[in-house]
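Chains as they are written, first to last, in our numbering: chain B, 2 to 505; chain G, 2 to 505; chain X, 2 to 505; chain E, 2 to 505.
There are 4 protein chains.
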Amino acid sequence: MSPGREGSRFPSRFPDAWRHCVGTGRVELALRRDYQDSLALLQREIGFRYIRGHGLLSDGMGVYRPYEWQGERRVRHSFTYVDQVLDAYLALGIRPFLELGFMPGELASGDQTVFWWRGNVTPPRSHKEWAELVRATVSHLVDRYGLDEVRTWPIEVWNEPNLRDFWQDADEQAYHRLYEVTAHAVKEVDSELQVGGPAISPGADEWLDRFAEFVDRRDVPVDFVSKHAYSSGPAQHVPFGVHQTLAPATDLLTQFASPRERIKGTPLAELPLHITEFNSSYRPDNPIHDTAFHAAYLAPVLAAGGDHADSFSYWTFSDMFEEAGVPTSLFHGGFGLLTHRQVKKPTYHLYAFLAGMGDELLARGDDHLVTRHPDGRVTVLAWAPVDASGATPGPDRHVVRLSVPMRAGEAFVRRSTVDEEHGNARTAWQRMGSPRSPRPHQLDVLHEAAEPARRHGRLPVEDGRVALDLTLARHEVTLVEVSAVVEEAPEWADEQRLLGGRPT
Amino acid sequence: MSPGREGSRFPSRFPDAWRHCVGTGRVELALRRDYQDSLALLQREIGFRYIRGHGLLSDGMGVYRPYEWQGERRVRHSFTYVDQVLDAYLALGIRPFLELGFMPGELASGDQTVFWWRGNVTPPRSHKEWAELVRATVSHLVDRYGLDEVRTWPIEVWNEPNLRDFWQDADEQAYHRLYEVTAHAVKEVDSELQVGGPAISPGADEWLDRFAEFVDRRDVPVDFVSKHAYSSGPAQHVPFGVHQTLAPATDLLTQFASPRERIKGTPLAELPLHITEFNSSYRPDNPIHDTAFHAAYLAPVLAAGGDHADSFSYWTFSDMFEEAGVPTSLFHGGFGLLTHRQVKKPTYHLYAFLAGMGDELLARGDDHLVTRHPDGRVTVLAWAPVDASGATPGPDRHVVRLSVPMRAGEAFVRRSTVDEEHGNARTAWQRMGSPRSPRPHQLDVLHEAAEPARRHGRLPVEDGRVALDLTLARHEVTLVEVSAVVEEAPEWADEQRLLGGRPT
Amino acid sequence: MSPGREGSRFPSRFPDAWRHCVGTGRVELALRRDYQDSLALLQREIGFRYIRGHGLLSDGMGVYRPYEWQGERRVRHSFTYVDQVLDAYLALGIRPFLELGFMPGELASGDQTVFWWRGNVTPPRSHKEWAELVRATVSHLVDRYGLDEVRTWPIEVWNEPNLRDFWQDADEQAYHRLYEVTAHAVKEVDSELQVGGPAISPGADEWLDRFAEFVDRRDVPVDFVSKHAYSSGPAQHVPFGVHQTLAPATDLLTQFASPRERIKGTPLAELPLHITEFNSSYRPDNPIHDTAFHAAYLAPVLAAGGDHADSFSYWTFSDMFEEAGVPTSLFHGGFGLLTHRQVKKPTYHLYAFLAGMGDELLARGDDHLVTRHPDGRVTVLAWAPVDASGATPGPDRHVVRLSVPMRAGEAFVRRSTVDEEHGNARTAWQRMGSPRSPRPHQLDVLHEAAEPARRHGRLPVEDGRVALDLTLARHEVTLVEVSAVVEEAPEWADEQRLLGGRPT
Amino acid sequence: MSPGREGSRFPSRFPDAWRHCVGTGRVELALRRDYQDSLALLQREIGFRYIRGHGLLSDGMGVYRPYEWQGERRVRHSFTYVDQVLDAYLALGIRPFLELGFMPGELASGDQTVFWWRGNVTPPRSHKEWAELVRATVSHLVDRYGLDEVRTWPIEVWNEPNLRDFWQDADEQAYHRLYEVTAHAVKEVDSELQVGGPAISPGADEWLDRFAEFVDRRDVPVDFVSKHAYSSGPAQHVPFGVHQTLAPATDLLTQFASPRERIKGTPLAELPLHITEFNSSYRPDNPIHDTAFHAAYLAPVLAAGGDHADSFSYWTFSDMFEEAGVPTSLFHGGFGLLTHRQVKKPTYHLYAFLAGMGDELLARGDDHLVTRHPDGRVTVLAWAPVDASGATPGPDRHVVRLSVPMRAGEAFVRRSTVDEEHGNARTAWQRMGSPRSPRPHQLDVLHEAAEPARRHGRLPVEDGRVALDLTLARHEVTLVEVSAVVEEAPEWADEQRLLGGRPT
């Protein structure tokens with residue numbers, strides 16, 4: 002617990018909104034093996050509850066299939082890939098946070114697309130057919146997975162309709178209409194299914210006012226509110242990449258917090274608030290995502306985000322992602338916590354460290370978070386401050402001093418470190434020569450270099466507390482676990498006798 | 002051995018050209034998990050040597066990547082997915098039979114595409130850049146996988162250039178030019194790499210004459226000759242499917258055999274001949290592929306095809322195939338030996354039965370094939386005759402009588418059966434109601450119904466021979482294994498005493 | 002439901018006492034791989050809750066370890082193997098039904114042993130040290146696995162103390178003393194842990210009277226009552242085997258039922274009753290265990306046993322069992338549901354069939370059991386009557402006619418069969434020549450021959466019922482599953498057009 | 002290459018006698034899952050060719066099974082477990098180095114046993130029956146695994162017959178007789194099977210003289226010579242453990258080398274020499290085996306042992322070993338490279354480091370070994386000197402300076418370290434309190450602590466050489482891999498722009 006003992010409000014519970022949801026490249030990618038292997042690793046070592054991605058209804062999923070029979074136009078709704086994707090998610094212990102979109106080509110009113118993989122972002126040619134598509138899809142899910150299960154799956158309507166890239170003309174009225182038709186179609190299947198929106202991008206909170214007004218006026222069902230948060234400035238392009246300025250990390254927390262203020266007094270006020278996407282840069286080709294800086298930058302966001310929202314979903318878990326085309330290099334600035342081939346990035350470890358924290362919150366500060374497990378273990382997450390402006394490289398060392406409670410005579414301490422040198426495969430990769438297609442042996446080295454450094458030791462317990470004096474390197478994020486020593490070494494144990502010496 | 006003992010030329014070796022190669026949907030699909038699981042099953046139970054599919058250079062693989070830097074146009078050749086695909090193949094014990102195509106969109110001279118997934122089928126805008134692409138690709142493979150390995154990978158230039166759908170205007174001269182440029186680019190990397198073509202579709206053997214003349218005249222390297230074979234008539238469309246007439250199976254053998262005749266006396270005469278695609282119907286939505294009829298129809302082709310060609314590659318191993326879009330139903334007439342989710346079709350079992358045959362050919366007839374293993378086991382593949390015209394349903398029973406050699410006093414006989422009722426998940430699926438998206442429990446039932454019926458028994462050996470009297474049901478394909486009994490039952494073994502009765 | 006509709010008391014719940022517990026060879030064997038692979042298969046396809054075996058405290062487990070230090074005798078309690086065994090059980094989803102025994106050699110008062118593996122069956126030299134051993138063991142389990150978990154593990158004191166082979170002199174007073182000391186030692190760790198006994202062998206129910214009297218008089222804790230049931234007569238020895246007469250299967254049900262009667266009015270009356278071992282023969286070398294007869298013989302016992310006891314535990318799940326030494330042949334009359342190498346015996350399938358039954362009991366008769374699943378599927382288990390006297394081979398066919406409810410126009414019916422020819426690897430093994438150490442290829446054939454025969458079909462539904470007319474072969478056990486057909490075949494589906502014929 | 006360039010004899014080949022064979026606890030333990038999982042890990046990361054252990058014919062394997070039938074005594078030879086053990090070895094890619102022994106209880110002439118698990122060490126009651134047992138066993142292996150395979154399996158006769166504990170009265174003549182009978186029995190099965198001995202313990206090389214004389218005089222077949230090597234002094238007992246003095250490591254090399262000298266001029270002179278067991282201490286409860294000291298102590302032995310013998314087999318790969326009973330603590334001084342539960346010890350890493358070396362020997366010195374791979378990578382194994390006398394703790398730092406060849410402008414360097422703090426789970430375990438039965442979470446921590454520390458960097462290449470300046474900690478063993486950098490970072494790569502700064 003930090004020295005000032007400001008933690009008098011404690012013990013309390015550490016909210017795990019950070020693990021509620023994680024983002025993914027378009028859901029069709031879930032058919033891939035590297036994707037599933039990556040997700041399996043993620044679930045084993047971190048364990049998210051939900052996963053959210055685009056493109057459930059896009060052409061690659063093959064859902065909307067018009068045909069002609071005896072002169073009549075009909076539509077077959079087909080779930081060959083939808084089932085394969087969802088079966089895979091559930092088998093891996095994660096549930097879908099469904100996003101309904103984009104528009105099937107043959108149902109679209111226009112041909113504007115987004116991304117290399119061409120998601121159609123125009124309103125439906127027929128809202129009736131769209132409603133039938135939604136109903137058919139949701140009904141199929143209920144049939145296959147059971148109503149109790151599907152009631153736990155949030156259903157979000159579209160993605161970032163406030164941006165022209167994602168919704169033709171960013172037409173707000175057209176979005177409201179789509180939302181209304183969709184929400185009713187969902188509730189026709191079952192009134193307890195959860196539907197929500199408007200999934201807006203940062204800087205458009207005024208859409209919330211009008212969304213609240215609209216659903217109120219038209220009595221449209223809404224079960225949760227969603228928006229996105231990013232902290233990067235405009236893209237400075239280089240081939241196969243961009244650079245961007247970043248706002249301080251607190252800016253993300255502000256973005257998480259703003260809707261609650263905004264929707265006070267509206268019918269949305271009491272609803273769950275989901276930040277259904279967040280990251281530093283919104284670009285899948287910004288190398289900042291691959292760095293130790295990034296983990297240290299996001300650490301305070303993950304530590305405090307749960308104060309402001311019911312979830313905040315890291316965009317995305319894997320570099321298996323194709324919005325800007327197929328990546329041309331192992332490290333390429335992708336959003337992923339993992340690269341292709343499952344090399345862990347520093348931010349992966351930030352999440353894994355959080356997964357090692359306890360439920361009981363003992364203390365929280367600008368550079369640390371302290372929790373306790375039911376079995377008495379105390380875990381500390383600490384991080385070095387970063388300079389997001391880039392004006393300085395950040396301090397090359399940073400000291401965190403804490404005193405944590407422990408019921409024992411001595412404590413075993415175990416520390417894992419991620420920084421510029423450790424748990425940082427990108428550094429090794431650069432030293433190798435930045436091989437775009439690493440050979441198998443190089444991949445082995447990268448997997449090895451991606452593991453955090455580990456240390457352990459034993460510390461005294463005085464007056465029921467262990468003093469921790471942690472020196473952090475530049476951009477370090479560290480997990481420290483303190484546990485009670487129960488000494489079982491027998492009285493005859495004597496290291497001096499290992500080579501046959503006399504007893505000491 | 003068949004009664005007429007026409008087999009006096011025997012014993013000889015049974016050629017395994019049938020397992021040399023198998024086809025696949027576009028190679029990008031190899032990134033998928035269902036695909037890899039299916040291929041793993043195939044390799045475990047059958048074991049092909051090579052796999053061939055389209056689209057290695059198509060946009061989905063992300064290989065050809067032009068960009069601009071400081072005002073200059075450059076190209077990055079990127080192998081992110083190529084490596085993932087080939088690593089997967091090699092890990093599963095199968096090698097690529099490389100097919101170079103289709104044209105990257107940004108290198109193409111036109112925008113004509115083929116298939117739902119839009120493979121560009123126009124010549125390169127720049128043959129120089131195409132040659133660089135080929136060289137870069139082959140060099141990368143040699144770097145990553147080693148020269149000795151890559152020398153074993155045939156490299157075929159394009160696919161079915163004689164068809165307008167696959168090569169703009171089916172322009173023969175343009176193909177010759179592409180072939181020449183490509184062959185030289187390959188040989189520049191290493192002169193012992195194997196390059197070939199022209200990968201023509203059925204009914205265009207005259208292309209072989211001109212291809213032979215061309216490579217001879219221009220002294221263009223060529224290491225093998227390839228063509229395709231299909232036996233179906235024109236498509237009669239229904240929604241999500243077609244029906245077609247079929248020629249008798251012997252027509253396929255004629256197609257396999259014709260090039261050898263044609264290229265006699267040309268420089269191609271002594272080269273390996275690969276039938277790089279064959280099937281009954283050339284359509285991925287013809288339900289005939291899913292039937293017991295299909296296995297019985299192809300049985301004589303697999304039994305004799307090796308007399309005519311060095312390989313004949315079944316098109317394709319899995320229904321994970323998207324040329325006509327995402328399949329809308331589990332059974333949909335796909336080419337696959339396996340459906341999505343790895344339900345085995347009757348033709349899968351035909352291949353698996355062949356994989357159980359021995360190397361020594363004892364006899365072969367119109368309805369049977371008899372081989373022997375080094376350990377003395379004799380295996381018989383027998384099949385019912387089919388009526389490919391559809392005029393009759395084919396005989397409802399067919400008797401095959403054989404006498405096979407066996408050194409033992411008695412023989413253990415084991416028989417596996419695939420017919421309309423057994424080893425036939427499609428029949429079960431139809432009885433269930435043809436569920437397009439089967440539930441998990443239904444998939445379990447289908448996997449169960451897909452297994453052949455199994456019987457066993459003991460037969461006497463007389464004068465060193467076992468008489469087999471096999472009655473086959475309609476469209477049955479059966480594998481019979483005969484092995485020597487070495488009796489180890491002790492003299493006190495007595496079934497009459499199982500319930501405590503007196504010794505007999 | 003059976004025609005007489007005697008089932009008016011229905012619907013009710015089918016008790017699953019049959020899956021509550023299963024027996025195992027001495028628990029040390031759980032360290033083995035074949036054992037763990039077998040248990041994994043069992044849990045995947047059947048799913049038992051508890052597993053019970055001998056020898057937790059025997060020398061092979063290395064628990065009780067006296068030593069001398071500075072002239073003083075001390076004891077180390079060591080759990081190296083105990084932890085490995087229990088970790089394996091829990092990882093496989095099964096909990097231990099702990100049996101405390103046999104006596105560690107260095108704590109024993111005598112040197113009488115039982116079995117090839119020499120379990121010491123004499124009372125402790127020191128009841129104080131025994132109590133310390135029990136306390137240390139149970140405390141360790143609570144520490145490692147948590148109190149909530151261990152409270153669900155029944156703890157049984159010793160095994161068959163009424164037999165001289167298992168308890169020196171079958172000394173009843175000595176057993177009472179052991180029970181008392183043990184029960185108190187367990188309760189000292191936690192008063193809600195469950196302890197019980199007396200684990201008597203068949204034919205000794207009078208021990209229950211005195212056990213009840215004893216615990217009452219001395220106020221000794223007891224949480225459950227246990228006994229064993231076997232139906233075989235005396236052993237007629239042959240080398241590596243025995244033959245025995247069997248009582249009718251109903252005799253087992255009588256044995257299950259008798260304690261309830263006996264303990265009425267005693268303090269044991271309301272306690273759970275566990276049949277902690279049952280089988281036909283009590284010998285691990287009686288080939289009857291390997292037969293189809295055995296499955297049909299036990300079918301009515303499994304169908305009705307839950308009426309009489311809270312559990313009845315099949316002795317044992319695997320032939321990995323060494324009481325009579327290492328088996329000298331793959332099939333050797335072992336207790337196992339599975340042989341070494343995991344070949345399934347007919348009785349395995351009987352259990353797997355039961356695992357496919359629903360919770361709702363629709364009907365039960367002398368030759369059948371009918372249940373329904375929540376999703377409407379109706380499952381029927383039917384079995385042929387057997388002649389346990391061996392006087393006749395049993396009927397060679399037996400007809401079961403049932404009418405079962407189904408809400409649909411048509412029903413899909415799936416049937417699995419185990420009899421002398423099917424699902425019966427022993428028959429195949431005998432035909433092969435009874436190879437004691439089958440080669441790998443022979444093991445493959447045996448695994449194949451061990452699978453039940455499968456059939457499927459479609460039946461009409463009339464007045465909400467499907468008529469089933471099941472003909473069973475000699476010693477057949479069959480599982481029939483009836484489910485509703487939801488017809489999705491499109492109107493253009495036409496089998497007559499498969500070969501391009503005209504529409505019908 | 003070391004500075005003195007004494008390596009003028011180089012390049013030459015680095016002999017891999019170190020990986021030819023590894024020891025195991027009695028072969029029956031190979032039935033266990035932890036054993037097989039450990040061996041799988043070992044084979045994946047190190048890769049031995051052969052495995053040798055005691056007890057193939059001991060009672061636990063159930064091979065020799067006399068019985069009576071119709072008044073006559075007969076013997077059944079049974080291979081139930083032999084097959085399971087050997088199938089497991091071969092499936093894991095390792096072959097058996099067969100050791101014939103100990104004596105089946107019912108064939109033994111006496112009842113003297115060795116070890117907690119009671120291996121009978123007396124001569125056979127009947128040499129005829131022993132010969133039949135050997136013939137039956139070897140014939141069975143040839144039948145099951147094929148003659149070509151079994152000819153590659155060395156067959157050693159008995160173990161350490163020169164010790165009274167292992168062979169009654171250490172009776173040399175009785176051993177010669179046993180050897181003669183056995184060798185002939187083996188050769189009767191096939192004359193090209195390899196048989197050898199005398200498997201003597203250290204300090205008994207005079208047995209070799211008489212063995213040579215004996216086989217020569219009696220014309221007894223012998224295909225290889227075997228002996229053992231250990232470097233520890235007498236045992237100083239503490240409960241559950243011992244301490245011993247150790248001779249310097251060179252003493253082991255002397256022991257490896259001595260037989261070649263001894264058998265010069267005898268018929269044994271040209272035969273392969275196998276050190277079929279070696280270690281520091283011959284005790285399975287000496288904690289020295291678990292230490293970093295031990296890896297550094299043995300490093301020069303592994304680096305040079307191949308100069309003296311065709312193999313030297315580390316005794317043993319796993320702590321799954323029961324000669325002194327079931328271990329009572331995770332770390333207990335066992336021989337294993339791995340503890341139970343597969344925690345890697347420092348000596349495991351020494352072997353894994355060697356497995357990462359190349360075939361080409363560039364240099365070798367007192368504290369280092371330098372090799373090159375075909376792809377140009379150079380690997381260095383370096384180790385700190387140790388003080389085996391225990392008089393001093395050994396130097397706390399040690400510098401190794403090397404210059405290694407590299408064709409590139411810059412080199413990527415990767416270093417793995419094992420010492421008192423790193424790659425050393427025992428240190429972590431002691432700090433935890435030496436928990437005898439670690440909880441699952443503690444096991445996770447131990448697995449983590451058992452991994453070597455990893456570093457990487459980039460070094461300049463000057464005049465085709467990289468200067469390495471390695472500082473080693475006390476008892477450190479380190480692997481350094483140097484590889485060429487092929488720089489692929491594009492010209493626009495600029496770390497200064499990560500946060501949107503201006504290009505540098």
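Where a beta carbon is used, it is the ideal one built from N, C-alpha and C, also for glycine.
Q: Indicate the three-state DSSP secondary structure (helix, strand or coil) for H128 of chain B in the structure shown.
A: By 1-based counting over the first sequence, the position of residue 128 of chain B is 127. DSSP places H128 of chain B within a helical segment (H, G or I) once states are collapsed to three.
Q.
Would F11 of chain X pass as an interface residue toward chain G - the criterion being a Cβ-Cβ separation below 8 Å?
A. Residue numbering aside, residue 11 of chain X sits at position 10 when the third sequence is read from its first letter. Only weak support is given to the placement of F11 of chain X: the predicted model assigns it a pLDDT of 48, under 50, and the value that follows is read from those uncertain coordinates. Not one chain G Cβ lies under 8 Å of F11 of chain X.
Q. In chain order, what residues of the same chain have a beta carbon less than 8 Å from the beta carbon of G501 of chain B, not counting five sequence neighbours either side?
A. In the first sequence, residue 501 of chain B corresponds to position 500, counting from 1. So the list is empty, once near-sequence residues are dropped.
Q | Proximity test, Cβ basis, 8 Å: G5 of chain B and chain E | A | Counted from its first residue, the first sequence places residue 5 of chain B at position 4. Confidence is the limiting factor: at G5 of chain B the pLDDT is only 38, short of 50, which leaves the residue's position unreliable, though a coordinate-based value still follows. No, G5 of chain B does not count as interfacial toward chain E.
(Q) For a quick check, are the C-beta atoms of V243 of chain G and D286 of chain G less than 8 Å apart? (A) On the second sequence, position 242 is the one that residue 243 of chain G refers to. On the second sequence, position 285 is the one that residue 286 of chain G refers to. Yes. Within cutoff.
Q: Say whether chain E places a C-beta atom closer than 8 Å to the C-beta of W493 of chain G.
A: Working through the second sequence from its first residue, we reach residue 493 of chain G at position 492. Yes, its Cβ sits closer than 8 Å to a Cβ of chain E.
Q. Hey, which unbroken runs of the beta strand (DSSP E) at 3 residues or more fall wholly within the segment 454 to 494 of chain B?
A. If we require 3 residues or more, the beta strand (DSSP E) runs fully inside the segment 454 to 494 of chain B come out as 454 to 461, 466 to 474 and 478 to 485.
(Q) As a quick exercise: from E:Q431, E:V487 and E:V483, pick the residue whose alpha carbon is nearest that of P439 of chain B. (A) Locating residue 439 of chain B in the first sequence gives position 438, counting from the first residue. Closest by alpha carbon: E:V487.
**Q.** Secondary structure of T114 of chain X, DSSP reduced to three states
**A.** The residue labelled residue 114 of chain X in the question sits at position 113 within the third sequence. T114 of chain X carries a strand assignment under DSSP once its states are collapsed to helix, strand and coil.
Q. Quick check: the segment 440 to 452 of chain B against the segment 377 to 386 of chain B, are there 3 or more CB pairs under 8 Å?
A. Because the criterion of three Cβ pairs below 8 Å is not met, the segment 440 to 452 of chain B and the segment 377 to 386 of chain B do not touch.
Q: Counting only the same chain and skipping the five closest in sequence on each side, list residues whose C-beta sits under 8 Å from that of G465 of chain B.
A: Indexing the first sequence from 1 puts residue 465 of chain B at position 464. Beyond the five residues adjoining it in sequence on each side, G465 of chain B comes within less than 8 Å, by CB distance, of P406, M407 and R408 in the same chain, given in chain order.
Q. So, is D420 of chain B buried or exposed, given that buried needs 16 or more other C-beta atoms within 10 angstroms?
A. For the purposes of this step, residue 420 of chain B is taken as the residue at position 419 of the first sequence. In this structure D420 of chain B is buried. Its beta-carbon is surrounded by 16 or more other beta-carbon atoms within 10 angstroms.
Q. What is the DSSP secondary structure of M2 of chain E, reduced to helix, strand or coil?
A. Taking the fourth sequence and counting its residues from 1, one reaches residue 2 of chain E at position 1. A caution first: M2 of chain E carries a pLDDT of 37, below 50, which makes its placement in the model unreliable, though a value can still be read off. Secondary structure of M2 of chain E (DSSP, three-state): coil.
Q. Along chain B, in chain order, which residues have C-beta atoms closer than 8 Å to that of I289 of chain E?
A. Locating residue 289 of chain E in the fourth sequence gives position 288, where the first residue counts as 1. What I289 of chain E touches in chain B: L499 and L500.
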